[in-house]
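Sequential numbering of the sequence shown, starting at 1, is according to my numbering. A virtual CB, placed ideally from N, CA and C, is assigned to each residue, including glycine. Take a look at the structure set out below.
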Amino acid sequence: MRALLPHPVRHLAFGLLFTAAVSTTALGQIPQPIGHRSDYGAVLDRHGRERVQGLIEQAWADFGLEVFILVSWENPYDTTDAFALAVADAWSLHAKGSVLLLVLVKAERDWSHAVVGTGDLSRSTAPSRLWDGIEDLVAHRRIEEAMESFFELLPDALGRRPVSPSGAQSPSSAPPSTSTWLIPVIILVAGALLLGIRRVVCPRCGRLLRREADRKGHGVYSCRSCGYRRD
């Protein structure tokens, strides 16, 4: 190469090769995704993993939004933001449309975080609002709480409420269901029937009572079968 290239071009070529080598090394250090939740820092126990996975699935159900989380104890880049952008590229998240990526990195005892949005979210304020919302929790090393708070902040950060299922109404606007008013009616009718049956059926033998007047002219119920009588 020294013989083929002039001196200035030779320096430029070596510089480009060095930059490419550094970039390739950094790319090789980016962890591979483990689903939507890549906890390489092992900060979650089994219950925590299940809870965070449930929140990820709920975000998809409520907003049609994919959320990826990476927890790492290594950062091959100068800043967490640069690391998060490299992860988004390496994981091809830009090809998925609107995605949120939360990256949490531990350096000795301190934690840092970055939030990257792709698609429409790359031009919105949602990533920065989510970053601000969990900043205090991350600074105090409350990482699992920071993950949960991240999802709690989603509606305000995105500026919209969860999408209701097709054709469903909110509890405040939905008309009362049939069972809501039918049950009291059934109870009232059953009570009236029981009361009526009690008045015309003999409690001893179960036969129908006959209404007649006693010696004083008062109406009484009597049973011809067993002789039961009552007013």
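Between which residues of its own chain and residue i is the CB-CB distance below 7 Å, once the five residues before and five after are set aside?
{"i": "Val87", "result": "Ile30, Leu70, Leu101 and Val103"}
{"i": "Ala84", "result": "Leu101, Val103, Ala114 and Val116"}
{"i": "Asp78", "result": "none"}
Please say whether residue j and residue i have beta carbons closer to each other than 8 Å?
{"i": "Glu66", "j": "Val115", "result": "no"}
{"i": "Glu144", "j": "Val43", "result": "yes"}
{"i": "Pro225", "j": "Arg211", "result": "Per the sequence shown, the amino acid found at residue 225 is Ser instead of Pro. The answer is no: Cβ separation not under 8 Å."}
{"i": "Leu154", "j": "Ala59", "result": "yes"}
Given this structure, state the Cα-to-Cα distance separating residue i from residue j, to the nearest angstrom.
{"i": "Leu55", "j": "Arg142", "result": "17 Å"}
{"i": "Ala90", "j": "Arg123", "result": "20 Å"}
{"i": "Phe68", "j": "Arg49", "result": "13 Å"}
{"i": "His94", "j": "Glu108", "result": "31 Å"}
{"i": "Val105", "j": "His140", "result": "13 Å"}
{"i": "Leu188", "j": "Cys205", "result": "26 Å"}
{"i": "Glu57", "j": "Arg160", "result": "18 Å"}
{"i": "Thr52", "j": "Gly41", "result": "Here the sequence assigns Val to residue 52, which means Thr is not the residue at that position. Rounded to whole angstroms, Val52 to Gly41 spans 15 Å at the Cα level."}
{"i": "Lys96", "j": "Gly64", "result": "12 Å"}
{"i": "Asp45", "j": "Glu148", "result": "14 Å"}
{"i": "Cys223", "j": "Pro203", "result": "10 Å"}
In its own chain, which residues sit with a C-beta less than 8 Å from the C-beta of residue i, not counting the 5 before and 5 after it?
{"i": "Ser177", "result": "Confidence at Ser177 is low in this model, with a pLDDT of 43, below 50, so its placement is unreliable and the value that follows should be read with caution. Same-chain partners within the cutoff: there are none."}
{"i": "Trp131", "result": "His113, Ala114 and Val115"}
{"i": "Ser128", "result": "Val115"}
{"i": "Pro33", "result": "Phe68, Leu70 and Trp91"}
{"i": "Asp39", "result": "Arg49, Ile69 and Val71"}
By DSSP, does residue i sit in helix, in strand, or in coil?
{"i": "Arg161", "result": "coil"}
{"i": "Asp39", "result": "strand"}
{"i": "Arg230", "result": "strand"}
{"i": "Leu188", "result": "helix"}
{"i": "Glu74", "result": "coil"}
{"i": "Ile69", "result": "strand"}
{"i": "Arg316", "result": "The first residue shown for the chain is 1 and the last is 231, placing residue 316 beyond what the model contains."}
{"i": "Arg211", "result": "strand"}
Keeping to the same chain, check which residues put their C-beta closer than 6 Å to that of residue i; ignore five residues upstream and five downstream.
{"i": "Pro162", "result": "Asp62"}
{"i": "Leu158", "result": "Ala126"}
{"i": "Asp81", "result": "Ala114"}
{"i": "Ala146", "result": "Ile134, Leu137 and Val138"}
{"i": "Gly227", "result": "none"}
Report yes or no: is there a C-beta of chain D within less than 8 Å of the C-beta of residue i?
{"i": "Trp60", "result": "Of the protein chains in the structure, only one exists, and it is not chain D."}
**Report entry** beta strand (DSSP E) runs wholly inside the segment 82–159, at least 3 long, in chain order
**Finding:** 99–107 and 110–117
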